[in-house]
Amino acid sequence: MWIVAGLGNPGRRYKKTRHNLGFEVVDLLAKRWALSFKEKDLYEIAKGLYRQREVVLVKPLTFMNLSGEAIKVVKDFYKISPQNIIVVHDDLDLPPGRIKLKKGGSSGGHKGVQSIIDRLSDRGFLRVKLGIGKPEDEPIEGYVLRKPSAAEAPLIEEAIEKAADAVEEIIVSGIDIAMNIYNKKE
């Protein structure tokens, strides 16, 4: 069984913002796999199969910086090891349009990822990171909560598709093969 958690902030105000790319990828996977989300206290969840493998899609409703609370509840309920959790999130250190897969490691300053590390007491979960670039002349907090520019939007839409493809590859072939495919420089 796999948990695929997309990070973001709940509510219409945050829809399509840079910080909500994780939600967008998980929504795309739900559409591809014909799954519907149900709302629980701390998260939205959709369960089903992808190529005969059990999958649980999760969107925390705790706001980004508390994402670990929701992920821990789902992990404990399904008794999933961190190595079978894929966290999809935005990344300031990658340019818009780029994705990068990673096994474990630090949060890289991402507060949602740090919350998951703290709540799980484990860094071993997998990550699919979508680049949003760094702001030139504004605070990071405002930048991540705004929608991408007109120039960035098509790159980010393409990255959302690639990230969903990468999640599917991880589930079918494993993280190492997926990293060999998706971490190549373009």
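All the letters of the sequence shown, read from the start, carry residue numbers 411 to 596 under the working numbering.
Beta carbons: idealized from backbone N, C-alpha and C, even for Gly.
Since the model is a prediction, treat every value here as computed from it, not as a measurement.
Notebook entry, point to check: Is Lys426 helix, strand or coil when you go by DSSP?
Noted result: coil
CA-CA distance, Glu434 and Gly416?
8 Å
Q. For Ala576, which residues from the same chain have a beta carbon less than 8 Å from its beta carbon, with the 5 sequence-adjacent residues on both sides left out?
A. Ile509, Leu511, Val538, Ala588, Ile591, Tyr592
Worksheet item: Whose CA, out of Glu464, Gly478, His520, Glu562, lies closest to the CA of Ser531?
Response: Gly478
Inset, instruction - Measure the alpha-carbon distance for Asp547 versus Leu540 and round it to whole angstroms. - result: 21 Å
| query | Using a Cβ-Cβ cut-off of 7 Å (strictly less than) and excluding sequence neighbours within five positions of Ile490, which residues of its own chain qualify? | reply | Met411, Ile413
Worksheet item: Whole alpha helix (DSSP H) runs in the segment 528-586 with 4 or more residues, listed along the chain?
Response: 550-554, 563-583
* Asked: Can at least three beta-carbon pairs, one atom from the segment 442-451 and one from the segment 490-506, be found at a separation below 8 Å?
  -> no
Does DSSP classify Ala440 as helix, strand or coil? helix
> Tell me which same chain residues have a C-beta within less than 7 Å of the C-beta of Lys544, skipping the five on either side of it?
Replying inline: Leu502
When the Cα atoms are used, what is the spatial distance from Glu464 to Asn494?
11 Å
- Span separating the alpha-carbon of Leu471 from that of Tyr453: 5 Å
Item to check | Backbone secondary structure at Glu526 - three-state DSSP | outcome: Checking the sequence shown, residue 526 turns out to be Ile, not Glu. Ile526 falls in the helix class under three-state DSSP.
Separation of Val484 from Tyr460, as counted between CA atoms
19 Å
- Query: Are at least three pairs of beta-carbons, each pair with one atom in the segment 563-574 and one in the segment 517-534, less than 8 Å apart?
  - Reply: no
- Task: Assign Arg428 to one of two classes, buried (16 or more other C-beta atoms within 10 Å of its C-beta) or exposed (fewer than that).
- Result: buried
Q) Closest by CA to Ile542, which one among Pro549, Gly552, Pro558? A) Pro558
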